[in-house]
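Protein chains in written order, with the numbering used here: chain A, 1 to 507; chain B, 1001 to 1448. Here's the structure we're looking at; comments come further down.
What follows is the structure in structure tokens.
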């Protein structure tokens, strides 16, 4: 008799749900139908009815489902497990209180097309958040509608487009150049394109700042619609010339959009509206701690000057006397960017974040986030090249320059960090730094964990000298090793099919 | 509930370790004249129970959330098994990020792969992405994709598509070379007006139709696919009520080239309109023109199967302004909720829940049509929504029964369409009991 040998613990070898499926298993129960049943063909003619009997859909029990997802979950790193220093992503603690309040029945069970008079609580909440975000950014016009950062960017540049079209009329046609620094997120140029702009790239100086000479040169070429600027920039440095930059763009007839990805360095300390910025998007999933959820949902509100307010998406949430209403009667609006009103559930969480921190707490969070980054920078500058002199704000940029001499690159260092119990930092971004490592600790990391991280990075630097292969072949402690991404892209398998190879590749 | 681990003392020590004396020193690189001089004018820090009380107070002011509801129109009230919300609250799912590093994000990558598979199975398509923000933005992205695929600039949209989806598409396409045109409504059937389909020509990139459409009517997708394909255009099918996949012929098997849908019905709360999840699926040959993320199979050097984000050369972080879309994320956690829902309901449950929706809606439709003065506006077959013509102004009627009977009876069509003052859209799901339906009928009857 042959014995089926378990070669790997089941939690390390969870199959796809389709491979677990057993004919006849059921994981749900609905109440019995309580109306008299009509033959289905009398409701829907058979030509419109499904004829595949949903073949291939899984048949599993509730226990199967719970174990399936619980096992898979253990293959993920998460903020709750430890420091997740992805630069530019602001992986801060996601409070359980915020999760709890977002699940209050009066929010969850509320239909977006319910009458306004019966939705006053939800509208008031949105209005309150708008007011707070206006205060935090120094920009009074707010729309909460965009669903994510890139969506907020698109909204922001469309607002610029609409404002210029309104101001210049036909002549606006000659003004279609959007300036984007070479250090920008890839979403910036992609969003600018959706607003009908042509992108021109501004160089950065060797110190990591926007090259003012190049900026003026581009402005002199004319046709400037605006600038998309991240501040602090994607190398974690505050643009010391921010005023001059905004003035230059305004003098050239353009408007300034700020990518708010890095607002965690500024809340309570400095406001984009006071710097000359015209419109900004915020990432509630970064700065205001709504959970990243494995890649979403986000929420990317747009805040703008009073002059740009008429161009915000509709409907807008407005206050009249003591009541709130949705206003779609805005002739200059860019239009609607999403069905209904945006990711309301994220708004509840963000407001709860603001309330728990309050005035002093918001500033303390910023101070701590910047201090933590500065601390890392201070203690790693001997081991890793720090490409720019300027003091980092909330994130630190390092490069692999020293390690590359030994054949160890940024990706290897990131993978080796996994063996030390940390999620890798952001790698190879921004593109202007060769072998960039962008480290953002956030305020949610205490001193001991920062020290452990610093020690890990120092140890990897040492390993690079003593045993580079150890780093190059990392990680050594995960369920699977590095995956062959090139083959995956060349022969994409993007869905399960019954004839698919199972967990191990057949030789 | 303090979220910052360091104490004030530790912070002071750390400052001193790096040679600074006060927190203010951290911000020396910010020019003095743009630094904030005062504290922000927001609330003082609230305690945990104070925050809960504040939030409860907001929620208490949403009386609609407590009422018996027959509202649909793109957002639906369905039962979600307990394990859906429970499992998505595992730290490893909700506090992780985009699976950039596959060795420590296999949980996310595998469920996305399962999600993609389930979406393909239900829509009858070859490939699906990791999800979009919602149904409306998913549709707008499909228009842009159709333009890339066909190199044609005209998109013809049925006016029976959700009006807010159409508004979003107008915003997305207003600055490109795309020309949006609409196809009207057949006032008898409530379907797309076939007479206007002559508008399709060799410049048309896609014909766009929703089924069941905004009025709940099931469109003849097969025939519309033929008409689109004859002109060399794509057929884009929009579905706002994903539960209908369990019963109605899949758009893929009817000839659709791109299918976009709202996945909120799959176990996701209404939550005043979001966060929800957009589904996006298409034929294999268009895969490299798709927007959004894709999870695909990959192997490590020991032959272990895993999953990675793949075909990234379509995406903005590599292609910048030449990317297929500016989208960066997907709708991760909501896609997870939808995946858990689809798997828990499974093959049998997805059929049964669809059937219950159709049966209950058919019962309600029959009862309402029997009330004096009321009629069913359109004669096409429906799934779980239908339009009713009332004897008087629908908005006034709905307000009255909401006040008097605590029932949200439907959505007045005047909100979206001219000339339908007396019409309203009723949605009946498996969560509506027979007694609720009967109460609605009584309420309507007393206002006939």
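Think of the CB as a built atom: it goes at the ideal place given N, C-alpha and C, for glycine as much as any other residue.
Counting the other Cβ atoms within 10 Å of the Cβ of residue 1001 of chain B gives fewer than 16, which makes it exposed.
Proximity to residue 1260 of chain B across B/1020, B/1314, B/1208 peaks at B/1208, based on C-alpha coordinates. Residues of the same chain with a CB within less than 6 Å of the CB of residue 464 of chain A, apart from the 5 flanking positions on each side, are 403, 406, 408, 471 in chain order.
For residue 1305 of chain B, the three-state secondary structure derived from DSSP is strand. Residues of chain A whose Cβ lies closer than 8 Å to the Cβ of residue 1393 of chain B do not exist; the shortest such Cβ separation is about 14 Å. In the three-state DSSP reduction, residue 501 of chain A falls in the coil class, being neither helix nor strand. Straight through space, the alpha carbons of residue 399 of chain A and residue 432 of chain A are spaced by roughly 11 Å. Nearest to residue 1238 of chain B by C-alpha distance, out of B/1310, B/1144, B/1123, is B/1123. Around residue 1064 of chain B, the beta-carbon contacts reaching into chain A at under 8 Å are 110, 111, 114, 115, 118, 119.
Boundaries of the beta strand (DSSP E) harbouring residue 1154 of chain B: 1154–1158, taken from the DSSP string. Close partners of residue 338 of chain A in chain B (Cβ separation under 7 Å): 1133, 1134, 1136, 1137, 1168. When DSSP states are grouped into helix, strand and coil, residue 1172 of chain B belongs to the helix group. Taking a contact to require three or more Cβ pairs closer than 8 Å, the stretch 1159–1173 of chain B and the stretch 1298–1314 of chain B do not qualify as touching.
Burial check for residue 475 of chain A: the Cβ neighbour count within 10 Å reaches 16 or more, so the residue is buried. In this structure, residue 212 of chain A and residue 244 of chain A form a Cβ contact; the two beta carbons are roughly 7 Å apart against a cut-off of 8 Å. Not one beta carbon of chain A lies nearer than 8 Å to the beta carbon of residue 1016 of chain B. In the displayed model, residue 147 of chain A falls within coil according to three-state DSSP, outside both helix and strand. Taking the Cα of residue 151 of chain A as reference, the smallest distance to any Cα among A/215, A/136, A/259, A/111 is reached at A/259.
The beta carbon of residue 1321 of chain B sits closer than 8 Å to some beta carbon of chain A. In the three-state scheme derived from DSSP, where H, G and I count as helix and E and B as strand, residue 1191 of chain B is classed as coil. Cα atoms of residue 430 of chain A and residue 206 of chain A: separation of roughly 14 Å, rounded to the nearest angstrom. Annotation: the continuous beta strand (DSSP E) that includes residue 257 of chain A extends over 255–259. Remark: C-beta atoms of residue 1205 of chain B and residue 1169 of chain B do not approach each other more closely than 8 Å. For a cut-off of 8 Å, the C-beta gap from residue 351 of chain A to residue 129 of chain A is around 5 Å, short enough to register as a contact. Out of A/397, A/199, A/156, A/249, the CA that lies nearest to the CA of residue 438 of chain A is found in A/397. Residue 373 of chain A and residue 441 of chain A do touch by the CB rule: their CB atoms are close to 6 Å apart, below 8 Å. Of all residues in the stretch 1359–1381 of chain B, those with a C-beta nearer than 7 Å to a C-beta of chain A are 1359, 1360, 1362, 1363, 1381, reading in chain order. Rounded to the nearest angstrom, the gap between the Cα atoms of residue 1423 of chain B and residue 77 of chain A is 52 Å.
Around the CB of residue 1184 of chain B, fewer than 16 other CB atoms lie within 10 Å, so the residue is classed as exposed.
Listed along the chain, the chain A residues whose CB falls inside 7 Å of the CB of residue 1351 of chain B are 54.
The stretch 392–424 of chain A contains, as complete beta strand (DSSP E) runs of 3+ residues, the segments 396–399 (chain order). Annotation for residue 1154 of chain B: 1179, 1181, 1203, 1204, 1205 place their beta carbon closer than 7 Å to its own, counting only its chain and skipping 5 residues before and after. At least one CB of chain B lies nearer than 8 Å to the CB of residue 355 of chain A. Inter-segment contact for the stretch 1306–1325 of chain B and the stretch 1007–1015 of chain B is absent: fewer than three beta-carbon pairs are separated by less than 8 Å. By the Cβ test, the stretch 1353–1373 of chain B is not in contact with the stretch 1125–1144 of chain B, since fewer than three Cβ pairs between them sit closer than 8 Å. Annotation: residue 1055 of chain B to residue 106 of chain A spans about 10 Å, alpha carbon to alpha carbon.
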